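Trainee: Sequential numbering from 44 applies to the sequence shown in the working numbering. Even for Gly, the Cβ is constructed at its ideal location relative to N, Cα and C. No experiment lies behind these values; they were computed from the predicted model shown.
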Amino acid sequence: MLLPREFVSYLSRQIVQRINGSAIDTHSPERVVEIVDGVIHDELNAEDKLNDEVRDLLEEYSDYMRRESISYQDMFRKIKNTLVQKKKIVRASGRDTGDGMKLSRDKITDISHKLVALMRKSRDLRLKKDQNEVRLDIVKAFTDILQVEEKADRASRDKVRSVKRDIPEGSEEFDILQKKYYAEELKKYGIEFSGR
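(1) At the level of alpha carbons, what is the spacing between residue 94 and residue 107?
(2) Thinking C-alpha only, which one of 116, 194, 88 and 46 is nearest residue 132?
(3) Who are residue 63's beta bridge partners in DSSP?
(4) In three-state terms, what does DSSP make of residue 169?
(5) Could you please give the first and the last residue of the uninterrupted alpha helix (DSSP H) stretch that includes residue 47?
(6) Under DSSP, the alpha helix (DSSP H) around residue 232 begins and ends at which residues?
(7) Who does residue 136 pair with in a DSSP beta bridge?
(8) Is residue 205 helix, strand or coil by DSSP?
(9) Quick check: the Cα distance between residue 220 and residue 176, rounded to an integer number of angstroms?
(10) What three-state label does DSSP hand residue 211 in the structure shown?
(11) Does the beta-carbon of residue 222, which I'm using as the reference point, lie nearer than 7 Å to any heavy atom of the ligand ADP?
(12) Where does residue 224 sit, in a helix, a strand or coil, going by DSSP?
(13) Between the Cα of residue 31 and the Cα atoms of 85, 84, 55 and 83, which residue gives the shortest distance?
The following block contains the structure:
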């Protein structure tokens with residue numbers, strides 16, 4: 044998943060906390076958090092499933108790719124683009140679309156539309172503003188929190204790269220150190236996952 048599961052749960056709680064009282068009224072914020080968390084997880088899992096489907100298809104084309112000297116990355120990108128258009132999926136990865144953050148602006152907007160649609164149907168809350176205003180509040184909260192996450196992620200990767208010996212990105216050691224530094228960096232911004 045593009046974002047750690049713990050961070051998605053944190054993100055969901057923060058979005059509800061930021062819009063509760065101003066954009067929505069709820070006596071059951073934990074239920075609204077479940078709704079938000081479920082939508083975000085489902086949307087990010089959809090991209091993971093798509094990537095898995097592309098990998099499965101690539102296994103069928105391995106001989107063709109060798110014969111035609113096509114790189115795995117190029118073929119992956121080509122097949123994924125075809126499936127994205129065919130299935131009408133909004134790309135989650137911001138880096139694939141040129142956005143600076145992990146999640147694309149389009150994906151954040153797509154999620155906000157789905158959240159507002161579910162919120163309108165929910166008996167656990169009441170919208171205090173026009174639907175689009177609520178959606179824009181969700182986008183702002185989402186974006187603000189993701190910008191902090193991006194800073195922490197970048198700083199944690201820089202810390203691993205600054206270690207005196209060379210640790211290749213993608214290696215198990217890099218991932219372990221990056222996760223450790225990532226948690227430390229998030230903590231600097233007041234974000235902790237333990238204890239919820």
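Mentor: With the structure as the only source:
(1) 20 Å
(2) 88
(3) 67
(4) strand
(5) No alpha helix (DSSP H) holds residue 47; DSSP gives it neither H nor E.
(6) No alpha helix (DSSP H) contains residue 232, which DSSP labels as neither H nor E.
(7) 146
(8) coil
(9) 41 Å
(10) coil
(11) With respect to small molecules bound, the structure shown includes none, and the ligand ADP cannot be examined in it.
(12) helix
(13) No answer is possible for residue 31: it lies beyond the span of the chain, which begins at 44 and ends at 239.
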